[in-house]
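Student: Protein chains in written order, with this note's numbering: chain L, 1 to 311; chain D, 312 to 634. Here it is, the structure in full.
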């Protein structure tokens with residue numbers, strides 16, 4: 001099943017214990033990467049729906065994730081209910097926000113150039129980030145609840161933090177739900193029809209604006225939900241979303257634009273790549289490696305790693 | 312641009328040079344320095360983002376290259392500051408060749424994302440190589456001027472704005488400027504009539520990078536100390552683009568007006584919002600996109616033209632009916 005693993009095992013006997021630890025360190029890094037990657041996948045799938053399918057260039061995606069984090073944070077500090085329940089409330093709030101933002105701001109500039117969307121969403125992101133900064137201050141916060149200290153052990157050398165596992169499982173379930181929504185429901189079909197041909201879709205009786213609004217709001221909600229799931233295991237501060245905006249675009253491009261599944265796989269891959277980069281080169285290079293991969297893919301294989309050739 | 316307009320610009324330039332004779336307060340001069348610096352940056356960005364229509368959100372790369380080259384070549388290699396500033400221009404040109412070479416093959420949002428990614432890679436390199444760049448702690452920048460520093464920097468910023476303005480006027484009248492506008496309006500059509508899109512876009516970016524790097528060197532040298540999250544931050548790129556878009560991308564005067572409005576507004580709101588001063592940028596961006604998509608100058612120009620046109624129609628109508 002793992003031929004490369006067997007070979008490494010053979011080498012282990014030659015080199016001894018030092019290499020064995022290295023192998024476990026790498027394996028641990030891959031596991032950690034997959035755990036982070038599931039949340040990246042969720043954020044990326046949200047943007048794949050907004051940008052890949054609906055062609056709305058959303059530079060506020062990370063800010064929406066941050067809003068989801070803060071919504072969960074505020075609810076948690078006020079009510080004390082588990083963040084694994086509250087993230088759903090954050091998702092609903094962000095769905096509503098996305099719906100309103102689409103009809104209030106994005107629809108009026110429908111049909112204008114991409115640049116106008118970029119500048120508009122950039123502005124929305126700045127307002128969200130600095131609005132939160134104004135209300136909550138620039139301090140870092142972290143929530144505390146009993147599950148946080150628990151670790152699950154696998155054998156002697158591997159262990160994972162319990163909240164990560166819970167977040168991972170929920171993220172996978174949500175990702176599957178989102179996938180089924182896009183593939184099986186009428187609204188999802190309509191969204192894909194618009195992506196295929198935005199002129200023919202309205203002729204088939206599809207209300208383009210309504211479907212776009214729902215897709216945009218769903219994508220925003222996915223980012224918000226991911227933020228809620230990230231809260232237990234991450235620091236929270238107003239600019240926390242900034243790097244996620246670019247990461248989400250990296251994921252969507254790697255995944256091949258229109259493909260929701262591609263984005264999910266690309267999210268997992270990015271998580272593992274970052275984790276291995278952190279292990280071997282240091283944490284501070286992870287983001288740089290993301291961008292270098294992004295530039296390489298954009299210039300060498302613009303259809304993405306998991307995508308088919310774009311027309 | 313008419314001769315009278317050029318004359319007016321010349322008068323404004325001379326008056327700007329005379330300002331320090333009246334204004335002595337350091338903090339006022341520093342605000343004026345910032346207004347002129349971002350006017351120059353906006354004008355530089357406008358060549359690529361306005362005339363050629365290529366929305367770069369990674370101009371912090373050239374800005375930071377100018378500032379960091381001055382600091383590192385002078386501080387680590389002992390080159391004299393002005394030579395180091397010129398070497399910064401060379402570094403920025405090299406960056407522009409690389410960034411332009413890769414990004415100009417991409418269109419729309421992909422181009423924008425590529426420019427951001429390049430600028431971010433530069434920022435992370437500056438952050439993560441402390442032995443070379445000083446890392447997060449930052450690095451000292453040598454002084455380009457001595458004596459009455461604020462006055463000298465103010466004059467330098469006015470001079471740079473004048474150079475950027477003259478460059479813009481020259482390009483907007485030249486064949487090169489029309490090539491850029493043709494590429495902006497429809498790249499495929501421009502290609503089909505024999506305009507080398509890649510070559511012209513790259514030329515515009517190179518000119519833009521030179522001006523931006525000089526502005527970066529001035530900025531770094533005024534503060535005498537730089538950190539990556541200040542001169543290589545995406546906020547710098549955004550501010551430069553907002554200045555030009557607010558005033559009117561693709562107009563000669565737009566970036567100057569944009570800088571006056573944005574920097575004054577930022578200064579006013581700074582005490583109001585403290586750390587959250589970017590809030591005003593966000594609001595301005597949304598307002599510009601929804602209500603002033605052609606910027607202040609672009610919208611004003613369209614209004615004036617419409618009035619002139621309506622006036623002409625009314626006049627000729629009067630002529631026909633004879634009253």
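Ideal Cβ placement from N, Cα and C applies to all residues, glycine included.
By the 9 Å beta-carbon criterion, what residues does the region 495-518 of chain D contribute toward chain L?
Tutor: none
Student: Counting only beta-carbon separations shorter than 8 Å, does residue 7 of chain L have a partner in chain D?
Tutor: The pLDDT assigned to residue 7 of chain L is 38, lower than 50, so where the model puts this residue is not dependable; a value taken from the coordinates is nonetheless given after this. False, the Cβ-Cβ gap to chain D never drops below 8 Å.
Student: Hey, is residue 300 of chain D's beta-carbon within less than 8 Å of any beta-carbon in chain L?
Tutor: What is shown of chain D runs 312 to 634, which leaves residue 300 of chain D out entirely.
Student: What number of angstroms, rounded off, separates the C-alpha of residue 371 of chain D from the C-alpha of residue 576 of chain D?
Tutor: 22 Å
Student: For a quick check, are the C-beta atoms of residue 600 of chain D and residue 49 of chain L less than 8 Å apart?
Tutor: no
Student: On the premise that residue 333 of chain D lies in contact with residue 340 of chain D, defined as a C-beta separation below 8 Å, what is that separation, rounded to the nearest angstrom?
Tutor: Not quite, the Cβ-Cβ distance comes to about 11 Å (not below 8 Å), so this is no contact.
Student: Can you list the residues of chain D that residue 130 of chain L reaches, using a CB-CB cut of under 7 Å?
Tutor: 587, 589, 590, 593
Student: So with CB distances below 7 Å, who are the chain L contacts of residue 419 of chain D?
Tutor: Within chain L, the C-beta atoms nearer than 7 Å to that of residue 419 of chain D come from 114, in chain order.
Student: Given that a residue counts as buried once 16 or more other Cβ atoms are within 10 Å of its Cβ, and exposed if not, what is residue 607 of chain D?
Tutor: buried
Student: Can you tell me whether residue 151 of chain L is helix, strand or coil according to DSSP?
Tutor: Strand.
Student: When the distance is taken between beta carbons, is residue 71 of chain L closer than 8 Å to residue 96 of chain L?
Tutor: It is not a contact, given that the beta carbons lie outside the stated cut-off.
Student: Which ranges would you report for the alpha helix (DSSP H) in the region 558-622 of chain D if only whole runs of at least 4 residues count?
Tutor: With a minimum length of 4 residues, the continuous alpha helix (DSSP H) runs that stay inside the region 558-622 of chain D are 565-584, 589-602.
Student: Give the single residue among L:216, L:177, L:269, L:134 whose Cα lies nearest to the Cα of residue 581 of chain D.
Tutor: L:134
Student: Can you tell me whether residue 186 of chain L is buried or exposed, with buried defined as 16 or more other CB within 10 angstroms of its CB?
Tutor: With fewer than 16 Cβ atoms within 10 Å of its Cβ, residue 186 of chain L is classed as exposed.
Student: Taking C-beta pairs closer than 8 Å, name the residues in chain D that residue 120 of chain L reaches, listed in chain order.
Tutor: 596, 597, 600, 601
Student: How would you call residue 102 of chain L, buried or exposed, if buried means at least 16 neighbouring beta carbons within 10 angstroms?
Tutor: buried
Student: Tell me, please, whether the CB atom of residue 164 of chain L is closer than 8 Å to any CB atom in chain D?
Tutor: Closer than 8 Å: no.
Student: State yes or no: is the C-beta of residue 358 of chain D within less than 8 Å of the C-beta of residue 519 of chain D?
Tutor: yes
Student: Opposite residue 159 of chain L in the DSSP bridges: which residues?
Tutor: For residue 159 of chain L, the pairing in a beta bridge is given by DSSP as L:153.
Student: Under 8 Å Cβ-Cβ, which residues of chain L neighbour residue 492 of chain D?
Tutor: Those within 8 Å of residue 492 of chain D in chain L number zero; the least Cβ separation is about 15 Å.
Student: Is the Cβ of residue 476 of chain D closer than 8 Å to any Cβ of chain L?
Tutor: Contact of residue 476 of chain D with chain L is not assigned, every C-beta pair being separated by 8 Å or more.
Student: Verify the CB distance criterion: does residue 556 of chain D have a CB-CB separation below 8 Å to chain L?
Tutor: yes
Student: Ignore the nearest five residues each way along the sequence and tell me which others in residue 83 of chain L's own chain have a CB closer than 6 Å to its CB.
Tutor: 72, 76, 231, 232
Student: Could you please give me the residues that DSSP links to residue 236 of chain L through a beta bridge?
Tutor: L:141
Student: Indicate the three-state DSSP secondary structure (helix, strand or coil) for residue 450 of chain D in the structure shown.
Tutor: Here residue 450 of chain D sits in strand by DSSP.
Student: Residue 584 of chain D touches chain L at which residues, Cβ-Cβ below 8 Å?
Tutor: 130, 134
Student: Cα separation between residue 373 of chain D and residue 409 of chain D?
Tutor: Going by the C-alpha atoms only, they are around 12 Å apart.
Student: If we count the other Cβ atoms within 10 Å of its Cβ and call it buried at 16 or more, is residue 314 of chain D buried or exposed?
Tutor: exposed
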